[in-house]
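Here's the structure, in structure tokens; my notes come after.
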Amino acid sequence: MVLHEYTYVFAIGTCFALLEAYNNGASRALTSYSQDDVANAWATSVSSRSVTYSPGHAPVRRFRPRCHFRRSRHGPRHLRLFAATIFMLVKLTVHLRTNPVPWAVWTSPFFFLIAGTICTLSIVYKGSPRLGLAKKPPSFIAGVSLGTGFALALLSALFFVPYVHAKVIKKDNTLRWYNVFQGPLLFRRPAPPGAEFADVPDYAVMKHGGDDDDEENQDGPEQGIKGDVINDKSSANDKSSADDITASIPAEKHQAVARDNEKALMYNETPQEAYKRLLKRARERHHASLRKQRGPLGWAMRLLHNNPMGAGSVYELHNLKAICVRLPAQIVVALTYGISYDIHKAQVGVLGTPEGRRMDRVYKHAPKYANEVEHLYSFVQVITACTASFAHGANDVGNAVGVWAGMYAAWSTGKTAASKEPVPLWQIAVVALTICLGFITYGYNIMKVMGNKITYHSPSRGSSMEMGAAITILIFSQYSLPVSTSMCITGATVGVGLCNGTFKAVNWQRVGLLMFSWIMTIPIAGAIGGLLMALAVNTPSFA
Numbered sequence: 001m002v003l004h005e006y007t008y009v010f011a012i013g014t015c016f017a018l019l020e021a022y023n024n025g026a027s028r029a030l031t032s033y034s035q036d037d038v039a040n041a042w043a044t045s046v047s048s049r050s051v052t053y054s055p056g057h058a059p060v061r062r063f064r065p066r067c068h069f070r071r072s073r074h075g076p077r078h079l080r081l082f083a084a085t086i087f088m089l090v091k092l093t094v095h096l097r098t099n100p101v102p103w104a105v106w107t108s109p110f111f112f113l114i115a116g117t118i119c120t121l122s123i124v125y126k127g128s129p130r131l132g133l134a135k136k137p138p139s140f141i142a143g144v145s146l147g148t149g150f151a152l153a154l155l156s157a158l159f160f161v162p163y164v165h166a167k168v169i170k171k172d173n174t175l176r177w178y179n180v181f182q183g184p185l186l187f188r189r190p191a192p193p194g195a196e197f198a199d200v201p202d203y204a205v206m207k208h209g210g211d212d213d214d215e216e217n218q219d220g221p222e223q224g225i226k227g228d229v230i231n232d233k234s235s236a237n238d239k240s241s242a243d244d245i246t247a248s249i250p251a252e253k254h255q256a257v258a259r260d261n262e263k264a265l266m267y268n269e270t271p272q273e274a275y276k277r278l279l280k281r282a283r284e285r286h287h288a289s290l291r292k293q294r295g296p297l298g299w300a301m302r303l304l305h306n307n308p309m310g311a312g313s314v315y316e317l318h319n320l321k322a323i324c325v326r327l328p329a330q331i332v333v334a335l336t337y338g339i340s341y342d343i344h345k346a347q348v349g350v351l352g353t354p355e356g357r358r359m360d361r362v363y364k365h366a367p368k369y370a371n372e373v374e375h376l377y378s379f380v381q382v383i384t385a386c387t388a389s390f391a392h393g394a395n396d397v398g399n400a401v402g403v404w405a406g407m408y409a410a411w412s413t414g415k416t417a418a419s420k421e422p423v424p425l426w427q428i429a430v431v432a433l434t435i436c437l438g439f440i441t442y443g444y445n446i447m448k449v450m451g452n453k454i455t456y457h458s459p460s461r462g463s464s465m466e467m468g469a470a471i472t473i474l475i476f477s478q479y480s481l482p483v484s485t486s487m488c489i490t491g492a493t494v495g496v497g498l499c500n501g502t503f504k505a506v507n508w509q510r511v512g513l514l515m516f517s518w519i520m521t522i523p524i525a526g527a528i529g530g531l532l533m534a535l536a537v538n539t540p541s542f543a
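Residue numbering for the sequence shown follows the UniProt record's numbering, beginning at 1 and increasing consecutively.
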């Protein structure tokens, strides 16, 4: 029997459940340093440049028909151990070799074996109870998991190894993606004459570009994106020492730029005003680059730039007309801005600011390995990121759908929800889509926090973090121990950062802020929930 008199309560609860799901994806919880579980799963991959943000969100799907509400303080501790062990294995086996590229090529099937086995175990243990996979005998689980892992290793040995051998050892830059299907025949492919460098992406966090950004900065004022209003026509005439704001500058200018910016902070204006101006310059430069792009986002950015808000209050007639013109572009920007956000520049920070100097110190203590080697682990990291994403979804979708499902069961049946109640698939689908929407539109915020702002990332480091996370979650799930996947990825990041051999390779201030947010979330959320419940219970009845 449906409780129609409480339909409004269920409607309000539905709104809050969807808002929570969006916040889980958008990483905008109680503080600016709070974590999102979807973005956590892909933060290391995007930060390591194994995948870009646009395709990074595509494989994220989080379906979970039962709920877990418990958390553990032991997850990060164990995860640091697993992630650090895996990365040290990679470091000792490959990175520290005199010629690490061949070692990376020939040992890659082994890491595909590990990643494939762990991924299959995650599906078996954390998959839908409706499939009954977790109830299978141990021999079945072991056989399926190891069989899948060895099959993936065999496929990588037959197709992946010959392809990357030709690409990074023979330095054959004429290869195309479809050549991978030639398999062992690529070993007979002659190396091109005069090839000196392998055509692989640059996985360094701080890219050393030219002076193109100075031209972008001359595009003029920019009207706000996502609430940021930038309308300072005089900013183009400021000193060039304050113009250098991102880390995409030649390395030889780095120290000079930092010194010039420090002088600007000291003599020209107050430190807080100068800091805000530098951040505004960074947004201006990024928006100028977006305006040069093709597609919906470039069109929207150009429309907003060419139709700024006028003087006076928002209800002035000319501003109301401008709002009508700008509204379609604002919607497009809201949906696509995060996909084109330059996460790596945001992670490095703004030169001349405390955060920029801090991240510069952290990166200096992390050795940078050969791009050819890191390129091989970027393929492994795609698998480990999918595994981590599956584990995150299996553990944390219940945060949003659990209470909502209980409300729906009580409202639709008129009975108190049981401790174990089947969750309708439509509710799981709605929550999953809402989480993905939050991740796509605003997940870049947590990526720039959980990525290189804690320690230096690279594909070999990132895959170790995600593999350690998956192993930890599997072990804890096997013994029915509570574990927080958000804390796990933080512990993995810190553990791999410590493998650089010094505590200075980790941004401990950022780690402290994350821990502070976890601690404060419990009393703040409890107080708000208790107050709302008290108001609902003690509200006078007009029946």
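Just so it is clear, CB atoms sit at the ideal spot from N, CA and C, and this is done for glycine as well. Just so you know, these numbers come straight off a predicted model, no measurement behind them.
Looking at the unbroken alpha helix (DSSP H) that takes in Asp360, where does it start and where does it end?
In this chain, the alpha helix (DSSP H) harbouring Asp360 covers 354 to 364.
Quickly, what does DSSP pair Val144 with across the bridge? List them, please.
Note: Val144 sits in no beta bridge, so no partner.
Buried or exposed: which applies to His318, given that a residue is buried once 16 or more other Cβ atoms fall within 10 Å of its Cβ?
The residue in question, His318, is exposed, as its Cβ has fewer than 16 Cβ neighbours within 10 Å.
Could you please give the first and the last residue of the uninterrupted alpha helix (DSSP H) stretch that includes His95?
Careful: His95 lies outside any alpha helix (DSSP H) and carries neither H nor E.
Measuring alpha carbon to alpha carbon, tell me which residue in Thr107, Leu437, Pro328 is nearest Gly298.
Pro328
Give me the Cα-Cα distance between Ile118 and Leu498, rounded to the nearest whole angstrom.
24 angstroms
Would you report the Cα separation of Met88 and Val333, rounded to the nearest angstrom?
42 angstroms
Report yes or no: do the region 188 to 205 and the region 159 to 170 share at least 3 C-beta pairs separated by less than 8 angstroms?
yes
My assumption, with CB atoms under 8 angstroms, is that Val101 sits in contact with Val494. Please give the rounded CB distance.
In fact, because the Cβ distance is near 29 angstroms, the residues do not count as touching under 8 angstroms.
Using only the alpha-carbon positions, how far apart do His4 and Cys15 sit?
About 17 angstroms.
Return the bridge partner residues of Thr455 from the DSSP annotation.
Val506
Quick check on DSSP: helix, strand or coil for Lys136?
coil
Is it the case that the region 97 to 113 contacts the region 149 to 157, given that we only count it when at least three CB pairs across the two stretches are under 8 angstroms?
yes
What three-state label does DSSP hand Tyr337 in the structure shown?
coil
Restricting to Cα atoms, I'd like to know which of Lys364, Ala17, Gly356 is closest to Arg510.
Gly356
Can you give the Cα-Cα distance for Ala385 and His305, rounded to whole angstroms?
Separation of Ala385 and His305 (C-alpha to C-alpha, rounded to the nearest whole angstrom) is 37 angstroms.
Tell me which residues share the same chain as Gly183 and place their Cβ nearer than 8 angstroms to its Cβ, disregarding the 5 neighbours each side in the sequence.
Leu158, Phe159, Pro162
Could you pull out every unbroken alpha helix (DSSP H) segment of at least 4 residues lying fully inside the region 382 to 418, listed in chain order?
398 to 413
Lys170: which of Gly149, Ala198, Leu152 sits nearest, CA to CA?
Ala198
From this set, Leu175, Val168, Arg176, which residue's C-alpha is nearest Glu196's C-alpha?
Val168
Would you check if the distance between the CB atom of Ala492 and the CB atom of Ala83 is smaller than 7 angstroms?
yes
Is Pro540 helix, strand or coil by DSSP?
coil
Restricting to Cα atoms, I'd like to know which of Leu481, Ile446, Ser480 is closest to Leu514.
Distances from the alpha-carbon of Leu514 to those of Leu481, Ile446, Ser480 put Ile446 closest.
Got a sec, what are the start and stop residues for the alpha helix (DSSP H) Thr485 sits in?
485 to 498
What first and last residue would you give for the alpha helix (DSSP H) that runs through Ser480?
Ser480 -> no alpha helix (DSSP H), and no H or E assigned at all.
Hey, is the region 360 to 374 in contact with the region 452 to 469, meaning 3+ C-beta pairs nearer than 8 angstroms?
At 8 angstroms Cβ cutoff, the stretches touch.
I need the DSSP call for Val9, collapsed to helix, strand or coil.
helix
With DSSP collapsed to three states, give me the class of Asn307.
Shown here, Asn307 sits in coil according to DSSP, grouped into three states, outside any helix or strand.
How is Phe16 classed by DSSP in three states: helix, strand or coil?
DSSP, reduced to helix, strand and coil, places Phe16 within a helical segment of the structure shown.
Can you give the Cα-Cα distance for Leu531 and Ser122, rounded to whole angstroms?
39 angstroms
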